[in-house]
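Participant:
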Amino acid sequence: MNNPSLFPLGEPNDAYARYFIGQSYLAPLLNKEIGLSNVTFEPGCRNNWHIHHNSPQILIAVGGVGYYQEWGKPVVTMQPGDVVYVPAETKHWHGATPHASFAHLAIMLPNENVSNEWLEPVDDDTYYALDAEAAKAR
1 MNNPSLFPLG EPNDAYARYF IGQSYLAPLL NKEIGLSNVT FEPGCRNNWH
51 IHHNSPQILI AVGGVGYYQE WGKPVVTMQP GDVVYVPAET KHWHGATPHA
101 SFAHLAIMLP NENVSNEWLE PVDDDTYYAL DAEAAKAR
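So the sequence shown is numbered by UniProt numbering: it starts at 1 and just counts up by one.
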């Protein structure tokens with residue numbers, strides 16, 4: 001895997017592999033009051049739909065090209081420097097495009113009773129249709 005960012009690639013994200021299609025890597029950068037990790041996705045890799053309960057998430061694109069989508073909304077293409085704020089309790093997914101790797105910093109804000117609810121995968125038909133939709137929007 002060619003690391004698309006200046007942040008460490010990290011190790012294969014085996015602990016969460018069942019919630020991803022494709023290979024991702026996780027490099028924890030800070031785990032104090034605020035959780036900060038670099039997450040890298042190989043081309044075509046994306047996580048399942050999920051919800052962060054009791055904490056928002058901030059995604060900062062740092063390499064490659066990726067997607068972010070909230071339930072019921074159009075896909076957003078992310079490139080280095082783009083920032084997405086994910087409110088708590090928002091169903092969403094994120095990952096690489098089919099043709100490029102992607103890396104983002106993921107920031108989780110502290111709060112009580114923070115948890116992730118992992119949901120259904122983003123199936124191939126939906127994912128590749130989003131790729132065509134994003135290409136038209138450019």
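For every residue, glycine included, the Cβ atom is placed at its ideal position computed from N, Cα and C. Note that the structure is a prediction, hence the values are computed from the model and not measured.
1) Would you mind stating whether residue 155 and Phe41 have Cβ atoms separated by less than 8 Å?
2) Pick from Pro56, Ala15, Phe102 and Pro28: whose alpha carbon is nearest that of Tyr85?
3) Ends of the beta strand (DSSP E) at Gly64?
4) Who are the Cβ neighbours of Tyr19 in its own chain at under 6 Å, not counting the five residues just before and after it?
5) Please go through the same chain and pick out, in chain order, the residues whose beta-carbon is closer than 6 Å to the beta-carbon of Val122, but skip the five residues on each side of it.
6) Quick one: any contact between the region 89 to 109 and the region 60 to 78, if contact means 3 or more CB pairs under 8 Å?
7) Leaving aside the five residues before and after Met78 along the sequence, list all residues of the same chain whose C-beta is less than 8 Å from its C-beta, in chain order.
8) For Thr90, which three-state DSSP category applies?
9) Starting from Ala106 and walking both ways along the beta strand (DSSP E), at which residues does that stretch end?
10) For Ser115, is the classification buried or exposed, using 16 other Cβ atoms within 10 angstroms of its Cβ as the cut-off for buried?
11) Could you spell out the range, first to last residue, of the beta strand (DSSP E) harbouring Ala27?
12) Would His52 and Ala15 qualify as a contact pair, given that the criterion is a beta-carbon distance under 8 Å?
13) With respect to the beta strand (DSSP E) encompassing Met78, which residues constitute its N-terminal and C-terminal limits?
Facilitator: Result, derived from the coordinates:
1) The first residue shown for the chain is 1 and the last is 138, placing residue 155 beyond what the model contains.
2) Residue 85 sits at position 85 when you count from the first residue of the sequence shown. It is Pro56 whose Cα lies nearest to the Cα of Tyr85.
3) If you number the sequence shown from 1, residue 64 lands on position 64. That run of the beta strand (DSSP E) goes Gln57 to Gly64.
4) In the sequence shown, the residue the question calls residue 19 occupies position 19. Here the set comprises Asn47, Asn48 and Trp118.
5) Position 122 of the sequence shown, counted from the start, is the residue given in the question as residue 122. Same-chain partners within the cutoff: Arg46 and Trp93.
6) yes
7) Here residue 78 refers to the residue found at position 78 of the sequence shown. Within the same chain, Cβ atoms closer than 8 Å to the Cβ of Met78 are found at Leu59, Ala61, Val65, Gly66, Tyr67, Tyr68, Val84, His94, Phe102 and His104, the five residues on either side in sequence being excluded.
8) What you label residue 90 is simply residue 90 of the sequence shown in a count that begins at 1. Thr90 falls in the coil class under three-state DSSP.
9) Counting from one through the sequence shown, the residue named residue 106 turns up at place 106. If you look at Ala106, you'll find it in the beta strand (DSSP E) that goes Phe102 to Met108.
10) Taking the first residue of the sequence shown as 1, we reach residue 115 at position 115. By the 10 Å Cβ count, Ser115 comes out exposed.
11) Numbered from 1 along the sequence shown, position 27 holds the residue referred to as residue 27. Bounds of the beta strand (DSSP E) holding Ala27 are Ser24 to Asn31.
12) In the sequence shown, counting from the first residue as 1, residue 52 sits at position 52. In the sequence shown, counting from the first residue as 1, residue 15 sits at position 15. Against a cut-off of 8 Å, the Cβ pair of Ala15 and His52 comes out as no contact.
13) In the sequence shown, residue 78 corresponds to position 78, counting from 1. Val76 to Met78 is the extent of the beta strand (DSSP E) around Met78.
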